[in-house]
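Just below is one structure, and these are the notes that go with it.
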Amino acid sequence: MDFFAVSAKAVAAVVASSFDPSLDIPVTRDALNFSEKKWADRLIAMLRGAESGELVVCERVEAIKEDGHEEEEEWDFEEPIDQPATNTRHTWTTEMMNEAYAFYRTGQKLRNPGKEGCRSLTSMNKKFRWLKTDQDLRTLVHYGKSGNKPTNRNEQLRLLAEALDEEVTALIDSGAEFHDYNLKEMAIALNEKKKCWPKFTASERWIRQWKSHYRVTGRHITKIVSVKKKKDEGKIKEQVDELRAQVQQIVEEHPDIYIWNCDQTGMVKEAHGKRTLARKGVKQVVCVAQSVGATTSSITLLPIIGMDGYVKPKIFVQLGEPGGKLPKKGCYRDSTLDIAVATSHIMSKLSAIHFYKEVLFSGFVPPKLLLILDSWPAFKDHDAIRLCAPPNSQLFIVNIPPGGTAMCQPADIMCDRILANLKTGQCSTPQRMKVYCEQMEDAARINNCKV
Numbered sequence: 006m007d008f009f010a011v012s013a014k015a016v017a018a019v020v021a022s023s024f025d026p027s028l029d030i031p032v033t034r035d036a037l038n039f040s041e042k043k044w045a046d047r048l049i050a051m052l053r054g055a056e057s058g059e060l061v062v063c064e065r066v067e068a069i070k071e072d073g074h075e076e077e078e079e080w081d082f083e084e085p086i087d088q089p090a091t092n093t094r095h096t097w098t099t100e101m102m103n104e105a106y107a108f109y110r111t112g113q114k115l116r117n118p119g120k121e122g123c124r125s126l127t128s129m130n131k132k133f134r135w136l137k138t139d140q141d142l143r144t145l146v147h148y149g150k151s152g153n154k155p156t157n158r159n160e161q162l163r164l165l166a167e168a169l170d171e172e173v174t175a176l177i178d179s180g181a182e183f184h185d186y187n188l189k190e191m192a193i194a195l196n197e198k199k200k201c202w203p204k205f206t207a208s209e210r211w212i213r214q215w216k217s218h219y220r221v222t223g224r225h226i227t228k229i230v231s232v233k234k235k236k237d238e239g240k241i242k243e244q245v246d247e248l249r250a251q252v253q254q255i256v257e258e259h260p261d262i263y264i265w266n267c268d269q270t271g272m273v274k275e276a277h278g279k280r281t282l283a284r285k286g287v288k289q290v291v292c293v294a295q296s297v298g299a300t301t302s303s304i305t306l307l308p309i310i311g312m313d314g315y316v317k318p319k320i321f322v323q324l325g326e327p328g329g330k331l332p333k334k335g336c337y338r339d340s341t342l343d344i345a346v347a348t349s350h351i352m353s354k355l356s357a358i359h360f361y362k363e364v365l366f367s368g369f370v371p372p373k374l375l376l377i378l379d380s381w382p383a384f385k386d387h388d389a390i391r392l393c394a395p396p397n398s399q400l401f402i403v404n405i406p407p408g409g410t411a412m413c414q415p416a417d418i419m420c421d422r423i424l425a426n427l428k429t430g431q432c433s434t435p436q437r438m439k440v441y442c443e444q445m446e447d448a449a450r451i452n453n454c455k456v
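Take any residue in the sequence shown, note its place counting from 1, add 5, and you have its number in this note's numbering.
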């Protein structure tokens, strides 16, 4: 719209006559041009809306801060600053700042009687365009006096984030429990200590971005350990390293040796997973089991695996039954299972002797064998193990230190966990099939009734 083609007086006259036709106004709407008619129609519509209450007026106030380039008479560039930092777009190199500061000191001493020469911001900006604000000049003077090179805001916040990451890593390693509000307190304390940025508040957005960048998130606590065990982790690691060195030495001295590992694993008679699909908002998620007691009553499995992939064809199983006996009927038998029964599923020394004779040293036994066992008391009795071994077998036995099975127990990772997952799947699949079969039976009954 051409502003100069509009007569404000004519538009105002037409607007006034539209609200009061009795006014003696010589200008009519037909006398207006196209632009003036559009302005008149808009003003009339706005005024009628305001009169009827349908018009809503929204006001917006914007504050714009501009960097000043004019020198203030009372400004003292020699005044020290608390935070040597700059917001300029370009990085200030040491060469740039040295050259600019040397030029700054070549100015007249009239502005700074009795001290070194100095120059105004206008004078400095003519030669060094990157000095744009009073803060830039103050930063340059501070650098010349202290030798501390300023950094930009992003660099300072990056250093703060790295320092916070170090503290959080130490907290995680110590096993301490902490949350977002603790992160905020830690970040603010670090900023006050390191003087990274004066206006830093550790906002929720900054904390959220920091957690995303350093892969920190809220997690469910899966294990609670004592302070003593946490402190002993370093000692356990040293013992595990010594064990590995011992095993390596045995293997180097006997290259043709076989390495076997056996580990006890506890399993419940009926295992179910901890999670399932359910409707949102449901407070209770129910899982049906054949026997609730079977979900807590355990059995003990003791498989044997070799370093070369060998798996002992027979597995030792310790069952806990009332009276220490199995029922005479209805029990599954198989040649790959050696079942021992007692009042408890926990193995005793007698069970260990039975395991050595009937499983460990039955069938194939290599002439040179290295046994890697855990620190169960019966496994520490090497003499009892050697008495059960064949006389022509050269036997070496090492024990994993207490607490180190998760670090160096092959059977724990390669066998026990697979068996536990397999057991869970075997328990849940028949349950789903049972529900499906019941649904099919109900459908068949309904169809028979209809016929």
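Every residue, glycine too, gets a C-beta built ideally from N, C-alpha and C.
Query: Coarse secondary structure for residue 303, derived from DSSP in three states; Result: strand
Query: Paired residues, beta bridge with residue 403 - DSSP; Result: 377
Query: Exposed unless 16 or more other CB atoms sit within 10 angstroms - verdict on residue 267; Result: buried
Query: Inside the segment 174-241 only - alpha helix (DSSP H) runs reaching at least 4 residues; Result: 185-199, 209-218, 232-236
Query: Other residues of its chain near residue 251: CB distance less than 7 Å, five sequence neighbours each side excluded; Result: 403
Query: Residue range of the unbroken alpha helix (DSSP H) whose run includes residue 366; Result: Premise fails: residue 366 is in no alpha helix (DSSP H) and is neither H nor E.
Query: Local Cβ density within 10 Å of residue 144, reported as buried at 16 or more and exposed below that; Result: buried
Query: Residue from 37, 148, 354, 41 whose Cα sits closest to the Cα of residue 100; Result: 148
Query: Residue 263 versus residue 393: straight-line alpha-carbon distance, rounded; Result: 18 Å
Query: Inter-residue spacing [alpha-carbon to alpha-carbon] between residue 310 and residue 346; Result: 23 Å
Query: Contact set for residue 2: own chain, Cβ-Cβ below 6 Å, skip 5 residues either direction; Result: This structure cannot settle anything about residue 2, because the visible part of the chain is limited to 6 through 456.
Query: Nonlocal neighbours in the same chain, by C-beta distance under 6 Å from residue 34, ignoring five residues either side; Result: 19
Query: Length of the line joining the Cα atoms of residue 107 and residue 201; Result: 27 Å
Query: Where residue 51 falls, given that 16 or more other Cβ within 10 Å makes a residue buried; Result: exposed
Query: Residue 343 - containing beta strand (DSSP E), residue span; Result: 342-347
Query: Assumed close pair residue 15, residue 48 - CB separation to whole angstroms, cut-off 8 Å; Result: Contact flag wrong, Cβ pair sits at about 12 Å.
Query: First and last residue of the uninterrupted alpha helix (DSSP H) at residue 271; Result: Looking at the DSSP string, residue 271 is not in any alpha helix (DSSP H); the run it does join, the beta strand (DSSP E), is 270-273.
Query: Distance between beta carbons of residue 343 and residue 322, contact taken as under 8 Å; Result: 7 Å
Query: Alpha carbon of residue 359 to alpha carbon of residue 408, nearest angstrom; Result: 26 Å
Query: Identified DSSP bridge partners for residue 265; Result: 311, 376
Query: Outcome for residue 124 when other beta-carbon atoms lying within 10 angstroms are tallied against a minimum of 16; Result: buried
Query: Residue environment, residue 86, which counts as buried when at least 16 other CB atoms sit within 10 Å; Result: Reliability of the predicted coordinates at residue 86 is poor, the pLDDT of 39 falling under 50, and the value obtained from them is presented with this limitation in mind. Exposed: under 16 other Cβ atoms inside 10 Å.
Query: Local conformation of residue 149 per DSSP, three classes; Result: helix
Query: The segment 270-289 contacting the segment 378-395, beta-carbon criterion three pairs below 8 Å; Result: no
Query: Residue span of the alpha helix (DSSP H) that contains residue 24, given as start and end; Result: 13-24
Query: DSSP-derived helix/strand/coil call for residue 48; Result: helix
Query: Span of the alpha helix (DSSP H) around residue 321; Result: First-last for residue 321: 320-325, but that is the beta strand (DSSP E), not the alpha helix (DSSP H).
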